[in-house]
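This report refers to the structure that appears directly beneath it.
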Amino acid sequence: MFGWQGKALRVNLSNGFVEEELISENLLENYVGGCRLAKEVARLEEVSAEKNKLIFASGALTGTGVPTGAFCSVAGYVSLQEDILCAPLLLRFGPELKCCGYDVLIIEGKAPEWCYLFITDEEAKVIPVAEMEGYTPAEIEEVIRSSFSKWYGNDIRIISIGKEGEQPSGLGGLVTDGLLVNYSGGLGNVFGEKRLKAIAVRGTLDIKLAKAAVFQKIITDAIKDFREKRNKLFETVHTVFARLELPLSREIHHGEIEKKACLACPIACLHQREGKFLPNFTVTFCFSELLEIENMEDALTLYDLCEKRGIDPVALSVTGRMLIELAKVGKADVTLTPGDTKQLVALIEDESSLLHKGGFWLAQHYQSETLLQDITKKIDTTREEIFAQIEEAGKKKAVLEALGLCPYALLAFPYDVIIKAFEAATGKALEVKE
Amino acid sequence: MDPRDYRIRVDTNKCTGCRHCEVACSLAHTGDRSNYHRARIRVIALEDRFLPLMAGPYVSITEECASKKLVNINGFVYDQCVLCRASCPNKSIFKEPDSGIPLKCDFCGFRAEGPACIQWCTSGALTLIKIKPEAEEEL
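If you want it as structure tokens, here you go:
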């Protein structure tokens with residue numbers, strides 16, 4: 001098989017049983033990868049509250065060398081939302097999983113004690129780590145990496161949860177190699193239910209390409225074209241950001257920062273200061289528009305707390321806004337003033353506070369579904385602004401997601417070039433259905 | 435092109451750690467497979483920046499290895515071993531993952547268009563320069 005690896009790994013945490021399975025070509029051709037494939041596998045596996053599983057699915061082009069082809073998706077049943085949620089993982093977890101030889105990873109059962117899963121191209125094992133309970137994601141990464149040689153340890157890609165994921169909460173998110181995963185609120189708690197503290201992957205297998213020479217030419221030409229128009233691209237992005245008027249974002253991303261990219265990404269939209277990730281555009285928007293935080297120090301303090309506890313900052317902002325609005329109309333008995341980070345931090349540290357229930361639970365409990373929709377729509381509308389100039393952006397973004405590409409690739413590379421790269425990599429034609 | 439006439443200039447201020455150079459290298463050398471673990475260039479993450487390193491020749495390290503010095507870059511102190519291009523038993527990088535054969539950068543001498551890593555580097559961190567007896571000329 002080309003492009004894909006054609007295999008899935010199934011791990012049962014209850015008994016440590018590990019099994020390799022072949023994935024049918026039909027399934028891969030019809031669902032391609034990403035959330036689409038993860039959700040279909042979840043349906044076939046009959047994932048539910050009683051039979052919960054974590055499903056990881058790489059994109060068809062993840063790790064092949066197509067620009068921005070680094071994404072992998074993770075899905076699981078989130079009890080507080082009564083639905084299967086799916087979130088994209090950035091950086092290099094997806095490519096590394098593929099280098100282990102798998103497009104899909106299925107994790108079922110519940111470990112008898114806290115553990116982490118270590119996967120290579122030779123074996124997969126469940127390692128008990130009872131002492132890791134309460135560890136921050138950064139501490140977990142340090143413990144895992146330091147148990148190997150420096151060079152090997154640095155090449156291990158890790159997803160982990162913090163304290164928030166260990167308890168029933170709607171905010172428990174995932175952290176991958178130090179980066180908080182936006183929109184993963186609740187998925188961290190699925191890890192927690194399974195007593196799975198982290199997944200570490202390190203593989204060395206090849207990803208074979210069907211028409212490698214054609215593929216190389218397509219990518220080389222696309223990069224040449226990108227170099228010529230990169231200034232125009234960054235100008236467009238700056239114009240959009242200027243129109244959105246986000247002073248907090250400008251302030252945070254100003255000064256001595258290092259740009260960091262996911263695998264094969266020429267855009268490099270992630271920012272670090274002194275080795276630590278800074279909140280990205282979506283998070284700064286959520287903090288400033290939903291929580292009304294205007295001060296950079298407050299925003300960074302809150303983001304730092306999210307990192308330490310493994311809280312999805314988007315879920316936190318949505319839930320925080322819900323509480324602000326519900327308190328305003330006297331529905332919820334909670335003190336949360338817009339822009340007051342101290343109150344918010346106190347609510348985060350109080351594990352019995354309503355904040356930990358998450359936005360969906362609050363909407364249902366207080367019959368405020370419309371309020372939740374309005375809040376999430378606000379984030380979506382802002383994100384859509386960036387793609388306003390692209391025809392059928394919604395459909396194209398869905399295709400890119402299945403291919404394992406970042407949606408921002410649409411701003412930098414023509415859609416038809418990406419489709420041609422898919423065909424050269426896999427040797428298959430891509431049929432896009434509604 | 436004759437690889438002996440060229441050098442790859444690395445600007446660590448521009449490298450974003452995307453590792454596209456690694457994928458390009460593996461694809462150029464294997465012909466039909468993407469696998470950054472086979473690359474002859476590896477991007478090392480230092481405290482404050484990324485450092486792309488080309489694989490040098492294999493050396494059998496000894497107690498007297500010269501790479502035991504400390505190097506100061508931008509106020510950060512690094513073990514020179516980190517910056518050394520050589521493949522040696524102390525480093526697991528720069529070897530074929532399956533056979534363990536040490537790898538060496540050949541400047542893609544077999545490709546008329548020059549090194550694949552430079553072609554796919556979009557950040558401008560890697561550039562090809564021609565070495566002349568009198569001066570360096572950027573291509």
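Chains A and B, in that order, are what the protein sequence lines are. Residue numbers are given in this note's numbering: position 306 of the first sequence equals residue 306, and the series is strictly consecutive. Count along the second sequence from 1, add 434, and you get the number used in this note's numbering. Think of the CB as a built atom: it goes at the ideal place given N, C-alpha and C, for glycine as much as any other residue.
>> Ignoring anything shorter than 3 residues, give me the beta strand (DSSP E) runs that lie fully in the stretch 181 to 245 of chain A, in order along the chain.
In response: 196 to 202
> Unbroken beta strand (DSSP E) runs of length 3 or more, entirely within the stretch 93 to 163 of chain A: which are they?
Replying inline: 104 to 108, 115 to 120, 124 to 128, 157 to 160
> residue 525 of chain B versus chain A: which residues are under 8 Å apart at the beta carbon?
Replying inline: 151
> What is the rounded straight-line gap between the Cα of residue 161 of chain A and the Cα of residue 356 of chain A?
Replying inline: 15 Å
> Can you tell which of A:31, A:325, A:260, A:280 has its C-alpha closest to the C-alpha of residue 383 of chain A?
Replying inline: A:280
> According to a CB-to-CB cut-off of less than 8 Å, which residues of the stretch 253 to 284 of chain A neighbour chain B?
Replying inline: 258, 259, 260, 261, 262, 263, 264, 265, 266, 268, 274, 275
> Are there 16 or more other CB atoms within 10 angstroms of the CB of residue 152 of chain A, so buried, or fewer, so exposed?
Replying inline: exposed
>> Out of A:209, A:97, A:339, which one is the CA nearest neighbour of residue 422 of chain A?
In response: A:209
> Comparing the C-beta of residue 486 of chain A with each C-beta of chain B, is any distance below 7 Å?
Replying inline: Outside the displayed range of chain A (1 to 434) lies residue 486 of chain A, so it cannot be described from this structure.
>> Cβ closer than 7 Å: which chain A residues qualify as neighbours of residue 457 of chain B?
In response: 65, 264
> Along the stretch 442 to 454 of chain B, what residues have a CB closer than 8 Å to any CB found in chain A?
Replying inline: 450, 451, 452, 453, 454
>> Could you pull the DSSP bridge partners for residue 428 of chain A from this structure?
In response: Answer is none; residue 428 of chain A lacks a bridge partner.
>> Distance check for residue 387 of chain A and residue 20 of chain A, CA to CA, integer angstroms please.
In response: 40 Å
>> Please return the same chain residues whose Cβ sits closer than 8 Å to the Cβ of residue 136 of chain A, not counting the five positions on each side in sequence.
In response: 162, 163, 307, 308, 309, 310
> Can you round the beta-carbon distance between residue 457 of chain B and residue 65 of chain A to whole angstroms, since I take them to be within the 8 Å contact cut?
Replying inline: 4 Å
> Are the C-beta atoms of residue 573 of chain B and some chain A residue less than 7 Å apart?
Replying inline: Caution applies to residue 573 of chain B, whose pLDDT of 48 falls short of 50 and renders its modelled position unreliable; the value that the coordinates give is listed next. Output row for residue 573 of chain B: interface = no.
>> Distance cutoff 7 Å, beta carbons only. Does residue 208 of chain A sit that close to anything in chain B?
In response: yes
> Does DSSP put residue 283 of chain A in a helix, a strand or coil?
Replying inline: helix
> What in chain A is Cβ-close to residue 466 of chain B, meaning under 7 Å?
Replying inline: 208, 209, 212
> Opposite residue 460 of chain B in the DSSP bridges: which residues?
Replying inline: In DSSP, residue 460 of chain B forms no bridge with anything.
> Identify the residues that DSSP records as bridge partners of residue 276 of chain A: which are they?
Replying inline: A:273
> When you compare each of B:471, B:439, B:437 to residue 453 of chain B by their alpha carbons, which one comes out closest?
Replying inline: B:471
>> How far does the alpha helix (DSSP H) with residue 40 of chain A in it extend, from its first residue to its last?
In response: 34 to 44
>> Quick check on residue 249 of chain A: buried or exposed, where buried means 16 or more other Cβ atoms within 10 Å of its Cβ?
In response: buried
> Three-state secondary structure (DSSP) at residue 415 of chain A?
Replying inline: helix
> If the cut is a Cβ gap below 9 Å, which residues of chain A does residue 519 of chain B touch?
Replying inline: In chain order: nothing, as chain A lies at least about 14 Å away.
>> Between B:532, B:521, B:565, which has its C-alpha nearest residue 474 of chain B's C-alpha?
In response: B:521
> Comparing alpha-carbon positions, which option in B:538, B:548, B:493, B:440 lies nearest residue 574 of chain B?
Replying inline: Chain B is shown from 435 up to 573; residue 574 of chain B falls before or after that span and cannot be answered.
> So residue 288 of chain A and residue 297 of chain A are in contact, right, with Cβ under 8 Å, and what is the actual spacing, rounded?
Replying inline: Residue 288 of chain A to residue 297 of chain A, Cβ: 14 Å. No contact.
> Mind listing which residues of the stretch 189 to 205 of chain A have their C-beta closer than 9 Å to chain B's C-betas, in chain order?
Replying inline: 203, 204, 205
>> With three or more C-beta pairs closer than 8 Å as the rule, is the stretch 210 to 228 of chain A touching the stretch 437 to 444 of chain B?
In response: no
>> Is it buried or exposed, residue 535 of chain B, if we count other Cβ atoms within 10 angstroms and call 16 or more buried?
In response: exposed
>> I believe residue 179 of chain A touches residue 105 of chain A by the beta-carbon criterion, under 8 Å. Please report the beta-carbon distance rounded to the nearest angstrom.
In response: Contact doesn't hold; Cβ gap of about 19 Å is too wide.
>> What does the alpha-carbon distance come out to for the pair residue 418 of chain A and residue 328 of chain A?
In response: 48 Å
>> Does the structure place the stretch 67 to 82 of chain A close enough to the stretch 188 to 204 of chain A that three or more beta carbon pairs sit under 8 Å?
In response: yes
>> Assuming contact is defined by CB atoms lying nearer than 7 Å, are residue 98 of chain A and residue 147 of chain A in contact in what I supplied?
In response: no
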